[in-house]
Amino acid sequence: MRTFQRVAVLGFGTMGGGIAQVVAASGRDVVVLETNQERIDRGFATVRGFLDEGVRRGKSTEADRDAVLERISAITDVAGLAGVDLVIEAVTERQDVKVELLARVAEVVGEDTVLTTNTSALSVTDLAAHLPRPGRMAGLHYFNPAPLMELVEVVRALQTDAAVIADLVSFVEDLGKSPVEVKDRPGFLVNRLLMPYLNDVVQEYDNDLATADDVDVAIQLGLGYKLGPLALLDLIGIDVHQHATESAYEATLDPQFAPPPLLSQMVAAGYLGNKSGRGFRVGTTEQGEGR
Amino acid sequence: MTPNKLTVAVLGGGTMGAGIAVTAARGGHRAILRDIDDEAVRRGLDNAESFLRKSASLGKLTAEQADAALADLSGTTDLSDIAAADVVIEAVFEDLELKKQLFAELDDVVSRDALFHTNTSTLSVTSIAAGSRYPERVVGTHYCNPAQLMKLVEVAEGRHTSSEATKRSLEFLESVGKTTVITKDRPGFILNRFLIPWENNCIRALEAGMGTVESIDRAVVGALRHPMGPFQLLDVVGLDVHKAVSTRLYEQLHEPRFAPPPLVDRMIAAGDLGRKAGRGFYTYDSTKSFGA
Numbered sequence: 045m046r047t048f049q050r051v052a053v054l055g056f057g058t059m060g061g062g063i064a065q066v067v068a069a070s071g072r073d074v075v076v077l078e079t080n081q082e083r084i085d086r087g088f089a090t091v092r093g094f095l096d097e098g099v100r101r102g103k104s105t106e107a108d109r110d111a112v113l114e115r116i117s118a119i120t121d122v123a124g125l126a127g128v129d130l131v132i133e134a135v136t137e138r139q140d141v142k143v144e145l146l147a148r149v150a151e152v153v154g155e156d157t158v159l160t161t162n163t164s165a166l167s168v169t170d171l172a173a174h175l176p177r178p179g180r181m182a183g184l185h186y187f188n189p190a191p192l193m194e195l196v197e198v199v200r201a202l203q204t205d206a207a208v209i210a211d212l213v214s215f216v217e218d219l220g221k222s223p224v225e226v227k228d229r230p231g232f233l234v235n236r237l238l239m240p241y242l243n244d245v246v247q248e249y250d251n252d253l254a255t256a257d258d259v260d261v262a263i264q265l266g267l268g269y270k271l272g273p274l275a276l277l278d279l280i281g282i283d284v285h286q287h288a289t290e291s292a293y294e295a296t297l298d299p300q301f302a303p304p305p306l307l308s309q310m311v312a313a314g315y316l317g318n319k320s321g322r323g324f325r326v327g328t329t330e331q332g333e334g335r
Numbered sequence: 688m689t690p691n692k693l694t695v696a697v698l699g700g701g702t703m704g705a706g707i708a709v710t711a712a713r714g715g716h717r718a719i720l721r722d723i724d725d726e727a728v729r730r731g732l733d734n735a736e737s738f739l740r741k742s743a744s745l746g747k748l749t750a751e752q753a754d755a756a757l758a759d760l761s762g763t764t765d766l767s768d769i770a771a772a773d774v775v776i777e778a779v780f781e782d783l784e785l786k787k788q789l790f791a792e793l794d795d796v797v798s799r800d801a802l803f804h805t806n807t808s809t810l811s812v813t814s815i816a817a818g819s820r821y822p823e824r825v826v827g828t829h830y831c832n833p834a835q836l837m838k839l840v841e842v843a844e845g846r847h848t849s850s851e852a853t854k855r856s857l858e859f860l861e862s863v864g865k866t867t868v869i870t871k872d873r874p875g876f877i878l879n880r881f882l883i884p885w886e887n888n889c890i891r892a893l894e895a896g897m898g899t900v901e902s903i904d905r906a907v908v909g910a911l912r913h914p915m916g917p918f919q920l921l922d923v924v925g926l927d928v929h930k931a932v933s934t935r936l937y938e939q940l941h942e943p944r945f946a947p948p949p950l951v952d953r954m955i956a957a958g959d960l961g962r963k964a965g966r967g968f969y970t971y972d973s974t975k976s977f978g979a
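Chains as they are written, first to last, in the numbering used here: chain A, 45 to 335; chain B, 688 to 979.
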């Protein structure tokens, strides 16, 4: 059984950085591939900021933080990935970009190196079909923020070898996370359940069932969820959800995945949620309105 | 205690009715619990009393507060005993004709100014209000179970509800410590409107082999940080209750996602109703409900 002691993470964005941190915290060496030094600096700053927050809250020590950071290195030349046992791809959610990058990585790493993608919206089977030895390809879907969220979906493409899945499940457990093995279906398991619910909320909100605040307050107080659905959409990014549910709709033609028109309108208007300062809850005058 | 001590009549001595009566009495009002037979009234009052005593023993209320609430709590089977009610809250069985008829009878018992609250979860406030000759006083106030612990109340106006009635209702709910949200009078309001298709979708995912009971619950809790997974929640709610709520929403909305999936019927047929039966999606050592 492979324990994946040297791990490559492709992309140092929010997800890539979070995944690199989680893997490094398990005592493994991580090498992150990015396109330029500026993005590398930003990635390190984000990871450091996250770890500093943990120290400030007393969840970890400065020594732990430094040890995690020391185990992460970053490069811009794909040749530096030679010798890794596991690749976790976490670049932008575009099939052409992922295929081109994974093909270049596959040329550098060993034939047995396991290739994984953190995609949430694309078919792992389809990505694997573009790569040599597709049996070593699988999905490893983390949730944002990766250092905090327990679940990791281990996605079995049609081509994935059973041994690869077994090794990845052990790997995720060794990271201190909770693995769940899923088939390569649109949305896998969690987003398959989450997207229709979020779409339903968006449509009913657009239909004036209640204010955005009241929808979220009802769900939070009534069901004990940490976040209401509209605050969750602001956090996920309205463009990200729109893209994911549109992809699922195209793949299934199942109306529950069809993006409600309001989503596209908000994306067109630049209302993307927390990251743009305006969304369903964030940056609206409705917030704080007293009754 | 409160600037304006109201007389609150609660119709129906079941779990919800007793919980609402506790909420009203604890909030400084006079609460009268009414059911059709002495046994039901006694059971409701016993539940209310044991809850208030337990609250005092846990330090949630002082002994004096618990005693004051108990002193303000009474029961009756006679509708004429609630003639002085300022607020009537019906929490009877979820049956439209029953609720309409109750409000029609009450028109001749209580004052014209009394508010009528319906605790329906799935029926139309407008339809229930049609039972009263004065539908402008009827407001939907949907409490969550257990009503004495859950802060949320969904407030819905019927077509003819007056804004004055809504305003007074919100003041009353605030006086008993509730957080209110305003929703349109549509099937399921906010909570059940979104919860029921979510639960049904999880059941269908299980039927489709997308995961096991355990893995789907673990995935939802681990990725979305819900306090419990969908199947743990269904076991708490009860499969029979889930089916009834689902079916009533489906009958009004005619959208397949509200229809209970076949597994629900099979589980009910097998007697696997959830926690209260000792077995549902999971098996339980004890059938005692918690939180009470």
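Even for Gly, the Cβ is constructed at its ideal location relative to N, Cα and C.
In the DSSP assignment, L307 (chain A) falls outside any beta strand (DSSP E) and lies within the alpha helix (DSSP H) extending over 305-312. For V213 (chain A), there are no C-beta contacts with chain B under 7 Å, since the nearest C-beta of that chain is about 12 Å from it.
If the five residues before and after K692 (chain B) are omitted, its C-beta is found closer than 8 Å to the C-beta atoms of G715, H716, R717, all from its own chain and listed in chain order. Around R115 (chain A), the same chain offers A68, G71, R72, D73, V74 as residues with beta carbons nearer than 8 Å, after the five sequence neighbours per side are excluded. Note that the C-beta distance between F780 (chain B) and I815 (chain B) is not below 8 Å. The beta carbon of V797 (chain B) sits closer than 7 Å to those of I769, A770, A772, V775, all from its chain and outside the five residues before and after it, given in chain order.
Taking the C-beta atoms as reference points, V226 (chain A) is found nearer than 8 Å to G898 (chain B). For D927 (chain B), same chain residues with a beta-carbon under 7 Å away, outside a window of 5 residues either side, are I955, L960 in chain order. When DSSP states are grouped into helix, strand and coil, L125 (chain A) belongs to the helix group.
Annotation: V199 (chain A) to N162 (chain A) spans about 10 Å, alpha carbon to alpha carbon. T763 (chain B) does not reach chain A, its nearest Cβ partner there being about 31 Å away, counting only Cβ pairs nearer than 9 Å. Closer than 8 Å to the CB of P874 (chain B) there is not a single CB belonging to chain A. Closest option to P874 (chain B), judged by alpha-carbon separation, among B:V842, B:R966, B:D922, B:H913: B:V842. In chain order, P884, N888, R944 make up the part of chain B whose C-beta sits under 9 Å from the C-beta of Q300 (chain A).
Contact of K103 (chain A) with chain B is not assigned, every C-beta pair being separated by 8 Å or more.
Q247 (chain A) and A288 (chain A) have their C-alpha atoms roughly 16 Å apart. In its chain, beyond the 5 residues on either side, A705 have a beta carbon closer than 7 Å to the beta carbon of N734 (chain B). When the alpha-carbon of V284 (chain A) is set against those of A:L233, A:R138, A:L265, the nearest one is in A:R138.
Only those residues of the stretch 903-928 of chain B whose C-beta falls short of 9 Å from the nearest C-beta of chain A are listed: I903, R905, A906, V907, V908, G909, A910, L911, R912, H913, P914, M915, P917, L920.
Close partners of V868 (chain B) in chain A (Cβ separation under 7 Å): A254, D258, V261, A262. Residue pairing by DSSP puts S761 (chain B) in a beta bridge opposite B:I719.
Following the DSSP letters along the chain, one finds H285 (chain A) inside the alpha helix (DSSP H) bounded by residues 282-296. Taking the C-beta atoms as reference points, V76 (chain A) is found no nearer than 8 Å to G57 (chain A). Look at K871 (chain B): its C-beta is under 8 Å from a C-beta on chain A.
With fewer than 16 other Cβ atoms from the protein chains shown falling within 10 Å of its own Cβ, E792 (chain B) counts as exposed.
DSSP, reduced to helix, strand and coil, places F876 (chain B) outside both helices and strands of the structure shown, so it counts as coil.
Among the residues of chain A, those whose CB is under 8 Å from the CB of M897 (chain B) are V226, K227, R229, L233, R236, following chain order. Runs of the alpha helix (DSSP H) lying entirely within the stretch 64-130 of chain A, each at least 4 residues long, are 81-100, 106-114 in chain order. About 5 Å separates the CB atoms of V131 (chain A) and A52 (chain A); that is less than 8 Å, so the two are in contact. In the three-state reduction of the DSSP assignment, P189 (chain A) falls in the coil class. Secondary-structure assignment with DSSP links F803 (chain B) through a beta bridge to B:V775, B:V825. Boundaries of the alpha helix (DSSP H) harbouring E861 (chain B): 850-862, taken from the DSSP string.
Listed along the chain, the chain B residues whose CB falls inside 9 Å of the CB of P240 (chain A) are P884, W885, N888, R944. Of all residues in the stretch 268-281 of chain A, only G268, Y269, K270, L271, P273, L276 place a beta-carbon less than 9 Å from a beta-carbon of chain B. Rounded to whole angstroms, the separation of the alpha carbons of S104 (chain A) and G321 (chain A) is 31 Å.
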